[in-house]
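Novice: Here the sequence shown is numbered in the working numbering, starting from 67 and rising by one per residue.
Questions regarding the structure given below will be posed in turn.
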Amino acid sequence: MGAFADAWNGIKETVGGAARTNLGKAVGDALSGDTEAAEKEYEKGIIRACAAAQKTKRKELVDKYDKAISRIASETKSSLKTIGGKLDSDIKGQFSKAINQAIKDKASAYDDLAADKK
67 MGAFADAWNG IKETVGGAAR TNLGKAVGDA LSGDTEAAEK EYEKGIIRAC
117 AAAQKTKRKE LVDKYDKAIS RIASETKSSL KTIGGKLDSD IKGQFSKAIN
167 QAIKDKASAY DDLAADKK
């Protein structure tokens, strides 16, 4: 057998199943002169190989930043409540009620961010 056949047999042993079928089709297309079909099969193979890794990487980043956002939102909500409590003791009357209501409204807006995302 020639060098090409030896290399091809090595590839077939290394690559399994559907990937081998696609690779075989791409090589066959290229050898028959249909380079466009071979290029399409090659691109599909690259996409299949890389897609899972990219999805995992994206999920890890989303999880990391969801945790950070949740922590910051909880701290901000707590700070707003602390400020509201201090203002309540210093300011009295109708103005105080409006400030406290505004602080409660703003603090509750952080509930969605602070909730654990599953």
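All residues carry an ideal CB built from backbone N, CA and C; glycine is no exception.
Please say whether TYR176 and LYS125 have beta carbons closer to each other than 7 Å?
Specialist: Result no, Cβ atoms of LYS125 and TYR176 do not sit closer than 7 Å.
Novice: Would you kindly work out how many angstroms separate the C-alpha atoms of LYS130 and LYS158, rounded to a whole number?
Specialist: Their Cα atoms are separated by approximately 43 Å.
Novice: Looking at LEU179: is its Cβ nearer than 7 Å to the Cβ of ILE135?
Specialist: Result yes, Cβ atoms of LEU179 and ILE135 sit closer than 7 Å.
Novice: Can you tell which of SER174, ALA118, THR101 has the C-alpha that lies nearest to the C-alpha of ALA139?
Specialist: Checking every option, the nearest Cα to that of ALA139 belongs to SER174.
Novice: Between which residues of its own chain and ALA168 is the CB-CB distance below 8 Å, once the five residues before and five after are set aside?
Specialist: Counting only Cβ-Cβ distances below 8 Å, and skipping sequence neighbours, we find nothing.
Novice: Beta-carbon separation of LYS165 and LEU146 under 7 Å?
Specialist: According to the sequence shown, residue 165 is Ile rather than Lys. Against a cut-off of 7 Å, the Cβ pair of LEU146 and ILE165 comes out as no contact.
Novice: Tell me the DSSP secondary structure of SER144 in three-state form.
Specialist: In this structure, SER144 counts as helix in the three-state DSSP scheme.
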